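The structure appears right after this line, and notes come after that.
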Amino acid sequence: MNNRRGRPIRNRNSDGTRTNEMIRVPEVRLIGEDGAQIGVVETRRALEMARDVRLDLVEVSPNAKPPVCRIMDYGKYRFEQAKKARAARQRQHVVRVKEIKLHPKTASNDYNYRMKQAIGFLESGQKVRIVMQFRGREMAHQDFGKHLLDQAKIDLAEAGELESDARPEGNILSLVFGPKKSAKNK
């Protein structure tokens with residue numbers, strides 16, 4: 001539905017909830033400001049009750065028959081919802097996968113340096129993906145790369161757990177290590 005200037009009439013707030021005059025159903029199940037259930041009431045009457053105590057009528061459950069509305073301070077309700085969302089985001093643990101690239105002709109000192117890096121990543125609780133990349137004629141001699149990956153499995157066995165064994169994906173072989181359970185608890 002549009003107003004006279006052709007703009008749509010807003011029937012929801014930015015967070016998707018309907019409040020006060022935006023609730024356009026004939027009757028609602030009403031919950032009072034103290035949390036007590038008042039019962040099924042006409043929407044006009046529920047809105048008057050909310051205005052009498054200088055609060056808002058907020059649609060809590062729009063899919064129920066009839067929709068459930070509550071008398072509350074809408075600004076405070078939005079603040080509490082934002083606070084809960086922030087707390088949930090902080091509790092979330094993002095698992096990062098660090099990638100270490102090797103080639104069949106990687107020198108031993110480069111290999112040792114990369115294994116030290118991988119051990120550090122695993123000890124800090126991150127996953128490590130070891131990628132063996134083959135270029136050109138190296139594709140014909142994949143056994144050199146597989147030997148290097150087998151050595152990596154041995155070297156990283158103390159710091160982490162092998163999650164997926166060497167898988168070919170085009171011109172690369174990769175394996176994934178996860179941190180040991182004791183490292184995750186730190």
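Heads up: the sequence shown at position 1 corresponds to 1 in this note's numbering, and the numbers run straight through without jumps.
Ideal placement from N, C-alpha and C gives every residue a C-beta, glycine not left out.
Computed from a predicted structure; not experimentally measured.
{"Check": "Identity of the residues DSSP links to residue 121 by a beta bridge", "Outcome": "None; residue 121 has no bridge partner."}
{"Check": "Beta-carbon proximity list for residue 110, same chain, < 7 Å, skipping 5 on both sides", "Outcome": "none"}
{"Check": "Euclidean distance between Cα positions of residue 133 and residue 82", "Outcome": "46 Å"}
{"Check": "Whole-angstrom distance between residue 124 and residue 117, CA atom to CA atom", "Outcome": "11 Å"}
{"Check": "Buried or exposed by the 16-neighbour rule on C-beta atoms within 10 Å, applied to residue 185", "Outcome": "Low local confidence applies: a pLDDT of 48 at residue 185 is under 50, so the model's placement there is unreliable, and no value is given."}
{"Check": "Cβ pair residue 68, residue 114 closer than 9 Å", "Outcome": "no"}
{"Check": "Burial state of residue 94 (16 or more Cβ within 10 Å)", "Outcome": "exposed"}
{"Check": "From 154, 48, 103, 65, residue whose alpha carbon lies closest to that of residue 142", "Outcome": "103"}
{"Check": "Rounded C-alpha distance that separates residue 174 from residue 98", "Outcome": "12 Å"}
{"Check": "Anticipated Cβ contact below 8 Å, residue 238 with residue 176, distance rounded", "Outcome": "The shown model of the chain, from 1 to 186, leaves out residue 238, and the question about it has no answer."}
{"Check": "Residue 134 (DSSP reduced to helix, strand or coil)", "Outcome": "coil"}
{"Check": "Within 9 Å, strictly: CB atoms of residue 100 and residue 129", "Outcome": "yes"}
{"Check": "Complete runs of the alpha helix (DSSP H) confined to the region 43 to 125 [at least 4 residues]", "Outcome": "43 to 52, 74 to 91, 108 to 123"}
{"Check": "For residue 165, the first and last residue of its enclosing beta strand (DSSP E)", "Outcome": "160 to 169"}
{"Check": "Coarse secondary structure for residue 33, derived from DSSP in three states", "Outcome": "coil"}
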